[in-house]
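Protein chains in written order, with the working numbering: chain E, 1 to 355; chain P, 356 to 710. Cβ atoms here follow ideal geometry from the backbone N, Cα and C, with glycine treated the same way. These figures come from a predicted structure and were not determined experimentally. These notes concern the structure reproduced below.
There are 2 protein chains.
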Amino acid sequence: MSRFWSDIVNDLTPYVPGEQPALTHPVKLNTNENPYPPSPRVLDAIRRELGEDGASLRKYPDPTARALCETVAKHHGLRVEQVFAGNGSDEVLAHAFAALLKRREPIRFPDITYSFYPVYAKLYGVAHETVPLNADFAVDVDDYRSPNGGILLPNPNAPTGRALPLSEIEVLLKQNPDVPVIVDEAYVDFGAESAVSVVGEYPNLLVVQTTSKARSLAGMRVGFAFGDAALIEGLTRVKDSFNSYPLDRLAQVAAVASYEDRAWFEESCAKVVASRDKLTAQLEKLGFEVVPSAANFVFAKHPAHDAAPLAAALRKQEIFVRHFRLPRIDQHLRISIGTPDECDALIRALADIAR
Amino acid sequence: MSRFWSDIVNDLTPYVPGEQPALTHPVKLNTNENPYPPSPRVLDAIRRELGEDGASLRKYPDPTARALCETVAKHHGLRVEQVFAGNGSDEVLAHAFAALLKRREPIRFPDITYSFYPVYAKLYGVAHETVPLNADFAVDVDDYRSPNGGILLPNPNAPTGRALPLSEIEVLLKQNPDVPVIVDEAYVDFGAESAVSVVGEYPNLLVVQTTSKARSLAGMRVGFAFGDAALIEGLTRVKDSFNSYPLDRLAQVAAVASYEDRAWFEESCAKVVASRDKLTAQLEKLGFEVVPSAANFVFAKHPAHDAAPLAAALRKQEIFVRHFRLPRIDQHLRISIGTPDECDALIRALADIAR
Numbered sequence: 001m002s003r004f005w006s007d008i009v010n011d012l013t014p015y016v017p018g019e020q021p022a023l024t025h026p027v028k029l030n031t032n033e034n035p036y037p038p039s040p041r042v043l044d045a046i047r048r049e050l051g052e053d054g055a056s057l058r059k060y061p062d063p064t065a066r067a068l069c070e071t072v073a074k075h076h077g078l079r080v081e082q083v084f085a086g087n088g089s090d091e092v093l094a095h096a097f098a099a100l101l102k103r104r105e106p107i108r109f110p111d112i113t114y115s116f117y118p119v120y121a122k123l124y125g126v127a128h129e130t131v132p133l134n135a136d137f138a139v140d141v142d143d144y145r146s147p148n149g150g151i152l153l154p155n156p157n158a159p160t161g162r163a164l165p166l167s168e169i170e171v172l173l174k175q176n177p178d179v180p181v182i183v184d185e186a187y188v189d190f191g192a193e194s195a196v197s198v199v200g201e202y203p204n205l206l207v208v209q210t211t212s213k214a215r216s217l218a219g220m221r222v223g224f225a226f227g228d229a230a231l232i233e234g235l236t237r238v239k240d241s242f243n244s245y246p247l248d249r250l251a252q253v254a255a256v257a258s259y260e261d262r263a264w265f266e267e268s269c270a271k272v273v274a275s276r277d278k279l280t281a282q283l284e285k286l287g288f289e290v291v292p293s294a295a296n297f298v299f300a301k302h303p304a305h306d307a308a309p310l311a312a313a314l315r316k317q318e319i320f321v322r323h324f325r326l327p328r329i330d331q332h333l334r335i336s337i338g339t340p341d342e343c344d345a346l347i348r349a350l351a352d353i354a355r
Numbered sequence: 356m357s358r359f360w361s362d363i364v365n366d367l368t369p370y371v372p373g374e375q376p377a378l379t380h381p382v383k384l385n386t387n388e389n390p391y392p393p394s395p396r397v398l399d400a401i402r403r404e405l406g407e408d409g410a411s412l413r414k415y416p417d418p419t420a421r422a423l424c425e426t427v428a429k430h431h432g433l434r435v436e437q438v439f440a441g442n443g444s445d446e447v448l449a450h451a452f453a454a455l456l457k458r459r460e461p462i463r464f465p466d467i468t469y470s471f472y473p474v475y476a477k478l479y480g481v482a483h484e485t486v487p488l489n490a491d492f493a494v495d496v497d498d499y500r501s502p503n504g505g506i507l508l509p510n511p512n513a514p515t516g517r518a519l520p521l522s523e524i525e526v527l528l529k530q531n532p533d534v535p536v537i538v539d540e541a542y543v544d545f546g547a548e549s550a551v552s553v554v555g556e557y558p559n560l561l562v563v564q565t566t567s568k569a570r571s572l573a574g575m576r577v578g579f580a581f582g583d584a585a586l587i588e589g590l591t592r593v594k595d596s597f598n599s600y601p602l603d604r605l606a607q608v609a610a611v612a613s614y615e616d617r618a619w620f621e622e623s624c625a626k627v628v629a630s631r632d633k634l635t636a637q638l639e640k641l642g643f644e645v646v647p648s649a650a651n652f653v654f655a656k657h658p659a660h661d662a663a664p665l666a667a668a669l670r671k672q673e674i675f676v677r678h679f680r681l682p683r684i685d686q687h688l689r690i691s692i693g694t695p696d697e698c699d700a701l702i703r704a705l706a707d708i709a710r
């Protein structure tokens, strides 16, 4: 508390990101990072931008990230006016709260979801209602039918990993034609259907994506929104009233290069999906109940072992998973998919602990 | 306009940054960039972070930018709790509006100043009053004596370049002990006195700085705030409710390396100052009236030539300066200090046009 704080600050309950342990070789399965490096083209592009003496760094980056937006537009078959780039999808979501979700009626999102959503709502004074997921952690789109100010839904959902088919997302869009419907697709590339393909059909649809997961660029902070040009213009107006240059020069060229290497991206996703399926089977063999996942993590609980001591026991072996002390999910662990070796280390440790 | 926009969006008048011309070799004196490259240590640090295969980019950066804040704290003789790092000083200022300047009484800033301030005020619904500069563009601290919600002042001011001595800043701090006083020192290293040295003495003082100008890192987007630990905590709470990871991995190591090379920094500033003094004398010889500058730009007008056609004529020769169509300053040009060659090219062109 400080007498110099605005009223907003006193009200905030900031988001707490997953731990970044200061260890040499932790088995780090707690922040949904990709276990594989980014495309070698990313490295080439950064080196090219740096040149001999890094002289380009003295100049501001393109405030509109035009080349990046064009590349990504082309990748998704969109027009550049349908693409917004930000400093990670967290910044994109923050701007979406200010630009689109601050409305008279409360917005809706699931009770179990990305725990940053209620934090944004507090920061921007956005009223919201949470909608309980079903017992099996599935979203029932009928629960979003009555009047609301907007809908925010991750697909696949986090931390559950469960995906909704595109047909269900379209039901949601048709049921709520007068409010913004934001689909947060941070994990979509690991097995869910993207709503990017229907951006042109629904003027109320905004799809948010990131390079942090499937493109192995969490360290570079680049995220996107895709939607009708009017929605994108709303985000741009907020961005240009906040920070003209959110993406630095190296982040812009890195992200462009990543989109230019489709083969690397697809192979990297396929490896993660294969590891996820193997890990799921192994966890089930150890007695875990695993929520069907379309993401690069699994959400699992063991009927005979409390989640908190399990996480603590893993931590002692320098294996980090994420445990949320939140209603309905405090018996679950969210486990990011690591390399095959990391997954094996986890399974060995869990077998040991469970014994 | 869109029916999906929040009321905020309709009200905004976004900031317009200086043009980034798509030419091979423009004489670019319009966005106050440093004409010299960053320290070679910056390049080394980025290359080290990239390593052989860029594998570190797959992992999130340190959300607290701890190593960077420690380095900068040491540089300024502060404790790490007195340092906040953001995605450029524009983002730092935005968070300061939300965390500290959103108060009941209107805040104050000069009528002629960084034109982003009224934009932030609109975005965050912060009431403000502008205080006219004197006829010679000087700030009179007595004008900030009556009750207000907070004060925001660039030192040196932009786009005038005029600096206020630290003793005057301290008068301001003593006159307004119950509200935040924010000193925006984007250009301080080119000849003004920094208020960082008195951060420990005034719990209401926040000093904002950037690596974009004196440290030649405009392309990397790193800015800071320095102040009492309680003010910094207010900013951190807002930041952690907006985007956990505003600074990417390469930006963090680049900024650390820049602060580790004091000699490069001092030499680069000295060269810019020498060029500024020479350019000022040459402009005066051509009949320009030049405001005394402590920044890396000069603010000048010619009694016999309108500023807009002058800027247009320079543009035809691929020389870019900044002209603001704003009250009281629409006859001035803001000219960034370039290399000696760029300054010579400007003087030749102006001599030609003025003839």
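For residue j and residue i, the rounded distance between their alpha carbons
{"i": "Asp466(P)", "j": "Tyr259(E)", "result": "45 Å"}
{"i": "Glu540(P)", "j": "Asn510(P)", "result": "5 Å"}
{"i": "Ile462(P)", "j": "Glu525(P)", "result": "18 Å"}
{"i": "Phe464(P)", "j": "Pro147(E)", "result": "43 Å"}
{"i": "Gly480(P)", "j": "Leu43(E)", "result": "42 Å"}
{"i": "Leu129(E)", "j": "Gly149(E)", "result": "Sequence inspection shows Glu at residue 129(E); the Leu mentioned does not correspond to that position. Straight-line Cα distance between these residues: approximately 10 Å."}
{"i": "Ala307(E)", "j": "Phe288(E)", "result": "11 Å"}
{"i": "Ile401(P)", "j": "Arg104(E)", "result": "46 Å"}
{"i": "Gln82(E)", "j": "Pro473(P)", "result": "28 Å"}
{"i": "Ala667(P)", "j": "Ser470(P)", "result": "21 Å"}
{"i": "Tyr542(P)", "j": "Leu634(P)", "result": "18 Å"}
{"i": "Glu588(P)", "j": "Leu665(P)", "result": "47 Å"}
{"i": "Glu267(E)", "j": "Ala274(E)", "result": "11 Å"}
{"i": "Arg517(P)", "j": "Val486(P)", "result": "16 Å"}
{"i": "Pro26(E)", "j": "Asp277(E)", "result": "23 Å"}
Rounded distance between the beta-carbons of residue j and residue i, thought under 8 Å
{"i": "Ala295(E)", "j": "Phe190(E)", "result": "5 Å"}
{"i": "Thr236(E)", "j": "Phe84(E)", "result": "6 Å"}
{"i": "Leu78(E)", "j": "Val199(E)", "result": "6 Å"}
{"i": "Ala550(P)", "j": "Leu521(P)", "result": "6 Å"}
{"i": "Lys213(E)", "j": "Asn32(E)", "result": "6 Å"}
{"i": "Gly54(E)", "j": "Lys414(P)", "result": "No, Gly54(E) and Lys414(P) are not in contact; Cβ-Cβ is about 23 Å, not under 8 Å."}
Where the beta strand (DSSP E) containing residue i begins and where it ends
{"i": "Thr566(P)", "result": "Here Thr566(P) belongs to no beta strand (DSSP E), and DSSP marks it neither H nor E."}
{"i": "His128(E)", "result": "His128 to Val131"}
{"i": "Leu173(E)", "result": "No beta strand (DSSP E) contains Leu173(E), which is instead part of the alpha helix (DSSP H) from Leu166 to Gln175."}
{"i": "Ile690(P)", "result": "Leu688 to Ser691"}
{"i": "Ile107(E)", "result": "Ile107 to Pro110"}
{"i": "Val183(E)", "result": "Val181 to Asp184"}
Exposure of residue i, with buried meaning 16 or more beta-carbon neighbours within 10 Å
{"i": "His323(E)", "result": "buried"}
{"i": "Thr211(E)", "result": "buried"}
{"i": "Val371(P)", "result": "exposed"}
{"i": "Asp352(E)", "result": "exposed"}
{"i": "Asn10(E)", "result": "exposed"}
{"i": "His450(P)", "result": "buried"}
{"i": "Ser571(P)", "result": "buried"}
{"i": "Lys671(P)", "result": "exposed"}
Contact with chain P by residue i, beta-carbon distance below 9 Å
{"i": "Lys122(E)", "result": "yes"}
{"i": "Ser115(E)", "result": "no"}
Cβ of residue i within 9 Å of any chain E Cβ
{"i": "Ser630(P)", "result": "no"}
{"i": "Leu412(P)", "result": "yes"}
{"i": "Glu525(P)", "result": "no"}
{"i": "Tyr391(P)", "result": "yes"}
{"i": "Asn559(P)", "result": "yes"}
{"i": "Glu621(P)", "result": "no"}
{"i": "Gly693(P)", "result": "no"}
{"i": "Phe439(P)", "result": "no"}
{"i": "Asn598(P)", "result": "yes"}
{"i": "Lys383(P)", "result": "yes"}
{"i": "Arg576(P)", "result": "yes"}
{"i": "Lys656(P)", "result": "no"}
Residue span of the alpha helix (DSSP H) that contains residue i, given as start and end
{"i": "Val553(P)", "result": "Careful: Val553(P) lies outside any alpha helix (DSSP H) and carries neither H nor E."}
{"i": "Asp714(P)", "result": "Any answer about residue 714(P) is impossible in this case: the structure gives chain P only from 356 up to 710."}
{"i": "Ile587(P)", "result": "Ala584 to Lys594"}
{"i": "Leu314(E)", "result": "Ala307 to Lys316"}
Residue i: CB within 8 Å of a non-hydrogen atom of the ligand NAD
{"i": "Leu634(P)", "result": "The model on display carries no ligand, and the ligand NAD is accordingly not part of it."}
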